[in-house]
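Worksheet for the structure shown next.
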Amino acid sequence: MHLAEFSIEHSGIATYWFDRNSRIVRVNESSCTCLGYAREELLGMQVRDIDPNFPGMDQWEKSWAETKELGEYKIMESVHRRKDGTTFPV
């Protein structure tokens with residue numbers, strides 16, 4: 011498991027872990043660089059803090075339940091907002 015954690019932490023792809031309440035609970039270094047936040051700033055933020063297109067908690071809870079039921083993640087397209095206010099597609 012340590013090798014997998016090391017690989018994700020040092021990946022060039024921004025990776026975020028969210029809890030069922032849409033709070034960010036873990037990020038890798040690329041996430042911090044991409045958004046311009048320190049890790050400590052990102053931890054505890056919610057999806058709506060970085061995604062201006064966030065559809066709201068009702069949709070989040072529905073997607074969360076579907077993911078758990080199917081046992082697989084959905085690929086979604088959206089936009090993220092950096093600390094400086096600029097946005098980029100994800």
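Throughout, this note's numbering is defined as the position within the sequence shown, counted from one, plus 10.
Quick reminder that beta carbons are idealized off the backbone N, C-alpha and C, glycines included.
Just so we're clear, the structure is a prediction, and the values are computed from it rather than from any experiment.
Looking only at its own chain, which residues have a Cβ that is under 8 Å from the Cβ of residue i, when we skip the five neighbours before and after it?
i, result
"MET87", "The question names Met, but residue 87 is Glu in the sequence shown. For GLU87, where only same-chain residues beyond five positions count, the Cβ hits under 8 Å are PRO99 and VAL100."
"THR77", "TYR83 and LYS84"
"ASP94", "GLY46"
Of the residues the options, which one's Cα is nearest the Cα of residue i?
i, options, result
"GLY22", "ASP29, GLU39, SER73 and ARG30", "GLU39"
Rounded to a whole number of angstroms, what is the C-alpha to C-alpha distance between residue i and residue j?
i, j, result
"CYS42", "GLU79", "30 Å"
"LEU45", "LYS72", "26 Å"
"LEU61", "ARG92", "It should be pointed out that residue 61 corresponds to Asp in this sequence rather than to Leu. Their backbone Cα atoms lie some 9 Å apart in a straight line."
Assuming contact is defined by CB atoms lying nearer than 8 Å, are residue i and residue j in contact in what I supplied?
i, j, result
"GLN56", "ARG33", "yes"
"VAL37", "PHE28", "no"
"THR96", "VAL89", "no"
For residue i, which residues from the same chain have a beta carbon less than 7 Å from its beta carbon, with the 5 sequence-adjacent residues on both sides left out?
i, result
"ILE18", "THR25 and ASN38"
Establish whether the CB of residue i and some CB of chain B are separated by less than 8 Å.
i, result
"VAL89", "Protein chain content of the structure displayed is limited to a single chain, and chain B is not contained in it."
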